[in-house]
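Numbering-wise (the numbering used here), the sequence shown opens with residue 108 and increments by one.
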Amino acid sequence: MLAIIAAVSFGLALILDLAKVALGDVITVNTLIVLGLLLLALHLAGVGTGTRSFSWRRARR
Numbered sequence: 108m109l110a111i112i113a114a115v116s117f118g119l120a121l122i123l124d125l126a127k128v129a130l131g132d133v134i135t136v137n138t139l140i141v142l143g144l145l146l147l148a149l150h151l152a153g154v155g156t157g158t159r160s161f162s163w164r165r166a167r168r
C-alpha cells in the first residue's frame, strides 16, 4: 500500500514539474519527491504489511 502511495506521489510531482504548477510555499515538487522516497523506504522496511509471523505457540516451545 505504501508503494502505491509513493508511486502516486512521484506521478503527482512529475505532473506538477512538467506543468510548472506551484501549490504554495509548503508543497513543492521536492516535497512530493521526499514524501515518495520516505514511503518507498517504509515499504521496503516492511512497515504496514499487516502480516505477522509471530506465534505464541512457537515462542513457548
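Just so it is clear, CB atoms sit at the ideal spot from N, CA and C, and this is done for glycine as well.
For clarity, every value in this text was computed on a predicted model and none was experimentally measured.
Of A148, A152, G153, G157, the smallest CA-CA separation from A113 is found for A148. With fewer than 16 neighbouring CB atoms inside 10 Å of its own CB, L121 falls in the exposed class. The three-state secondary structure of V128, taken from DSSP, is coil.
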